[in-house]
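Line order of the protein sequences matches chains E and Z.
Residue numbers for the first sequence follow our numbering, so the first one is 1 and each next one is one higher.
Residue numbers for the second sequence follow our numbering, so the first one is 330 and each next one is one higher.
Idealized CB from N, CA, C, for every residue including glycine.
Read the structure below first, then the notes.
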Amino acid sequence: MDGYIIGTIIKAILVLAIISALAGFGTYIERKILAFMQRRLGPTHVGPYGLLQIAADGIKLFTKEDFIPQGANRIIFMVAPIITAATAFIALAAVPLFPEFEIFGIKVQPIVSDLNIGLLFVIAMMGLGLYGPLLAGMAQDNKWGLIGSARTAIQFLSYEVVTGLSLLAPVMMVGSLSLIDFNNYQAGGIGNWIVWSQPVAFILFLISGFAETNRTPFDLLEHEAEIISGYATEYSGMRWGMFFIGEYTNMITIGFLASLVFLGGFNPMGFIPGGIAIILKVSFLFFLMLWVRASWPHVRPDQLMWLCWKVLMPIAVINILITGIVLMV
Amino acid sequence: MEAIAFYVFAVLITALFLVTVFSKNALYAMSSLAAGMVLISGIFFVLGADFLGAVQLVVYSGAVMALYAFGMMFFDATKDVKEKNPSAKTIFLLSGASAVILVVIFSAPQIGRNIKALVTGTPGADNPHVIGEVLFTKYLIPFEVAAVMLLVAMIAGIILAGKKMDVSLSESEDDLVDEASELKEQK
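Right under this line is the structure:
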């Protein structure tokens with residue numbers, strides 16, 4: 001029992017440290033890839049290839065004045081960024097990151113908490129992440145913030161429906177909500193990946209994943225040309241940084257979910273061992289998010305709602321219906 | 330271990346809901362209610378009802394409270410709410426009723442000692458499976474009736490809200506928008 005508790009604490013600290021470091025590194029990768037796609041250079045001045053830019057940004061974030069506007073509700077204003085970061089990391093707790101491995105003769109399962117409803121828990125926790133922007137916008141006594149938080153509520157609630165419905169079809173096929181069962185279901189090699197039998201669900205999940213992580217075609221929550229910076233208008237320094245870390249952590253979580261549910265998870269791919277295979281898949285999905293950001297302009301709010309309720313949701317329901325009929329016959 | 334978790338959750342939930350009731354600031358009330366809803370799912374997890382815990386997170390904290398929050402945006406959330414003073418009779422009745430409820434709550438463990446589970450489910454099956462089994466066999470009709478009721482509520486909501494829904498305000502010309510808003514004001 002003691003060993004279990006200590007092991008869980010070690011795992012939680014490792015996940016927190018590694019993923020938040022990756023989130024910082026993600027900003028560098030994002031700037032470099034965007035620059036490459038737009039024929040610019042990106043960060044070059046600090047360190048080799050601009051690699052130390054992350055450190056420079058970090059120092060700037062940590063040392064900036066922690067500013068709270070006069071009319072704001074102090075407590076809620078201070079708590080809101082923590083909610084975003086915390087829910088993003090709690091969601092990762094139920095995601096199996098790698099295959100089992102042995103270290104110092106102890107078998108390690110690289111998942112913080114192996115719930116038998118892992119998938120539902122991750123979706124629920126990512127859904128709770130909407131309280132961060134929502135409360136931030138309402139507490140800061142700023143009209144742009146309020147519009148930003150209104151957009152948060154609409155966008156996250158609507159696209160949660162599509163995420164849930166698109167994941168329902170694979171859940172029906174596997175017959176379990178545990179992410180480890182999803183992984184084992186696809187153990188037979190590339191031909192067994194669920195993406196081949198559920199391509200529609202995969203595309204729907206990616207689109208709604210982009211919307212839930214606030215990525216560019218759907219980044220209406222903080223679109224600077226329209227609403228300054230939305231819910232983050234009055235934030236500075238580390239509190240703004242926490243929103244940022246939460247967003248990047250959610251991107252990584254969506255990457256892990258998509259690769260576990262649709263792309264064969266951490267099963268070995270030919271000569272590539274499972275642990276490296278899932279890192280490759282998540283990196284590709286991360287790259288895909290940046291690629292889409294470089295290629296597409298963002299949509300209008302009414303187009304966003306039209307896409308969700310009139311296009312994606314009916315397709316998702318029809319997909320579930322067809323899956324059900326095929327499973328029954 | 331479980332006892333510690335239960336008492337931590339119980340104290341926190343009670344404290345948060347007390348903040349909801351006593352706070353004059355609408356934003357505090359709403360955030361503490363949402364946080365309490367999240368912590369209630371913690372009690373489900375302690376009981377081993379993982380599925381219900383996650384559903385509590387999705388439905389109450391994720392959807393219902395977010396809709397409350399959406400309604401709150403039409404008020405100035407940073408200012409205190411002025412409370413009206415209702416008559417002394419109402420306060421007398423309400424405080425009496427809450428005293429009775431408190432007595433019932435404290436005596437509930439004594440009454441509940443002999444309660445047995447109505448449905449036991451297949452032994453060995455995990456949480457979502459058992460719930461599915463019970464919902465689709467023993468409680469099928471209440472489940473379907475609830476679904477029909479939700480459908481009715483949804484259609485009623487669409488009819489109430491959707492009087493001008495065939496006209497898209499963002500795509501029409503400016504004078505058309507003015508006309509539509511004037512029509513709304515007349516109603």
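For chain Z, is any of its Cβ atoms less than 7 Å away from the one on residue i?
{"i": "E/Met138", "result": "yes"}
{"i": "E/Ala93", "result": "no"}
{"i": "E/Gly127", "result": "yes"}
{"i": "E/Phe284", "result": "no"}
{"i": "E/Ala124", "result": "yes"}
{"i": "E/Leu177", "result": "yes"}
{"i": "E/Leu307", "result": "no"}
{"i": "E/Leu333", "result": "Shown here, chain E extends from 1 to 329; a query on residue 333 of chain E therefore has no answer."}
At the 7 Å Cβ level, is residue i part of the contact set with chain E, yes or no?
{"i": "Z/Leu362", "result": "no"}
{"i": "Z/Met402", "result": "yes"}
{"i": "Z/Val387", "result": "yes"}
{"i": "Z/Gly391", "result": "yes"}
{"i": "Z/Asp379", "result": "yes"}
{"i": "Z/Phe399", "result": "yes"}
{"i": "Z/Ala334", "result": "no"}
{"i": "Z/Ala395", "result": "yes"}
Nearest-angstrom Cα distance between residue i and residue j?
{"i": "E/Leu312", "j": "Z/Val384", "result": "23 Å"}
{"i": "E/Glu100", "j": "Z/Ala344", "result": "41 Å"}
{"i": "E/Leu128", "j": "E/Thr87", "result": "7 Å"}
{"i": "Z/Gly400", "j": "Z/Ala490", "result": "14 Å"}
{"i": "E/Met138", "j": "Z/Leu396", "result": "14 Å"}
{"i": "E/Gly118", "j": "E/Gly246", "result": "20 Å"}
{"i": "E/Glu30", "j": "Z/Val410", "result": "45 Å"}
{"i": "Z/Gly382", "j": "E/Gly175", "result": "19 Å"}
{"i": "E/Val329", "j": "E/Ser197", "result": "16 Å"}
{"i": "E/Asn250", "j": "Z/Ile434", "result": "41 Å"}
{"i": "Z/Thr466", "j": "E/Val171", "result": "21 Å"}
{"i": "E/Val282", "j": "E/Phe266", "result": "11 Å"}
{"i": "E/Leu130", "j": "E/Tyr248", "result": "14 Å"}
{"i": "E/Gln109", "j": "E/Tyr4", "result": "11 Å"}
{"i": "E/Leu220", "j": "Z/Arg442", "result": "54 Å"}
{"i": "Z/Leu341", "j": "Z/Ser436", "result": "22 Å"}
{"i": "Z/Gly391", "j": "E/Phe62", "result": "31 Å"}
{"i": "Z/Ile413", "j": "E/Phe98", "result": "In the sequence as presented, Ile is not what sits at residue 413 of chain Z; that position holds Lys. Distance between the alpha carbons of Z/Lys413 and E/Phe98 is about 58 Å."}
List, in order along the chain, the chain E residues whose C-beta lies closer than 7 Å to that of residue i?
{"i": "Z/Asp455", "result": "Asn116"}
{"i": "Z/Ala358", "result": "Per Cβ cutoff of 7 Å: no residues; Z/Ala358 is ~11 Å from chain E at best."}
{"i": "Z/Ala482", "result": "Residues of chain E passing the Cβ test: none, with the nearest at roughly 16 Å."}
Would you call residue i buried or exposed, if buried means 16 or more other Cβ atoms sit within 10 Å of its Cβ?
{"i": "Z/Gln439", "result": "exposed"}
{"i": "E/Tyr185", "result": "buried"}
{"i": "Z/Ile430", "result": "exposed"}
{"i": "Z/Val387", "result": "buried"}
{"i": "E/Val95", "result": "buried"}
{"i": "E/Trp240", "result": "buried"}
{"i": "Z/Ser416", "result": "exposed"}
{"i": "E/Leu285", "result": "buried"}
{"i": "Z/Ser427", "result": "exposed"}
{"i": "E/Thr323", "result": "buried"}
{"i": "Z/Tyr336", "result": "exposed"}
{"i": "Z/Ile301", "result": "The shown model of chain Z, from 330 to 516, leaves out residue 301 of chain Z, and the question about it has no answer."}
{"i": "E/Arg215", "result": "buried"}
{"i": "Z/Gly486", "result": "exposed"}
{"i": "E/Arg151", "result": "buried"}
{"i": "E/Asn192", "result": "exposed"}
{"i": "E/Tyr159", "result": "buried"}
{"i": "E/Gly264", "result": "buried"}
{"i": "E/Val195", "result": "buried"}
Using the beta-carbon of each residue, which ones in chain Z are nearer than 9 Å to residue i?
{"i": "E/Phe121", "result": "Asp379, Gly382, Ala383, Leu386"}
{"i": "E/Glu160", "result": "Val387, Gly391, Ala392"}
{"i": "E/Leu135", "result": "Leu356, Met359, Ser360, Ala363, Ala398"}
{"i": "E/Leu157", "result": "Gly391, Ala392, Ala395, Leu396, Phe399"}
In chain Z, which residues lie with their C-beta within 7 Å of the C-beta of residue i?
{"i": "E/Leu304", "result": "Here the premise fails: no neighbours, minimum Cβ distance about 11 Å."}
{"i": "E/Ala225", "result": "Those do not exist, as E/Ala225 stays about 16 Å from chain Z at its closest Cβ, beyond 7 Å."}
{"i": "E/Asn184", "result": "Chain Z residues near E/Asn184: none, gap ~15 Å exceeds 7 Å."}
{"i": "E/Leu131", "result": "Here residue 131 of chain E turns out to be Tyr, not Leu, going by the sequence shown. Under the 7 Å cutoff, chain Z gives Ala363."}
{"i": "E/Ala153", "result": "Ala395, Ala398, Phe399"}
{"i": "E/Leu146", "result": "Met402"}
Starting from residue i, find everything on chain E with Cβ-Cβ shorter than 8 Å and list it in chain order.
{"i": "Z/Val474", "result": "Under the 8 Å cutoff, chain E gives no residues; its nearest Cβ is about 22 Å from Z/Val474."}
{"i": "Z/Val367", "result": "Leu128"}
Check the Cβ of residue i against every Cβ in chain Z and list those closer than 8 Å, keeping chain order.
{"i": "E/Ala86", "result": "Result: empty, since nearest Cβ-Cβ is about 11 Å, beyond 8 Å."}
Along chain B, which residues have their Cβ under 8 Å away from the Cβ of residue i?
{"i": "E/Ala150", "result": "The structure shown has no chain B; the protein chains it does contain are E and Z."}
Open item on the list: Taking beta-carbon pairs under 8 Å, can you tell me which members of the region 341-356 of chain Z lie near chain E?
Closed with: Within the region 341-356 of chain Z, the residues whose Cβ lies closer than 8 Å to some Cβ of chain E are Asn354, Leu356, listed in chain order.
TODO: Compile a chain-ordered list of the residues in the region 230-251 of chain E whose CB is closer than 7 Å to at least one CB of chain Z.
DONE: For the region 230-251 of chain E, the beta-carbon criterion of a distance under 7 Å to any beta-carbon of chain Z is satisfied by none of its residues.
Open item on the list: Along the region 414-444 of chain Z, where does the CB come closer than 7 Å to a CB of chain E? Name the residues.
Closed with: Correct list: empty, as no residue qualifies.
Open item on the list: Can you pull out the residues from the region 190-215 of chain E whose beta carbon lies closer than 9 Å to at least one beta carbon of chain Z?
Closed with: Going along the region 190-215 of chain E in chain order, one finds no residue with a Cβ nearer than 9 Å to chain Z.
Open item on the list: Residues of the region 61-83 of chain E in Cβ contact with chain Z at a cutoff of 8 Å, in chain order, please.
Closed with: Taking 8 Å as the Cβ-Cβ cut-off against chain Z, the residues of the region 61-83 of chain E that qualify are Gly71, Ala72, Asn73, Ile75, Ile76, Val79.
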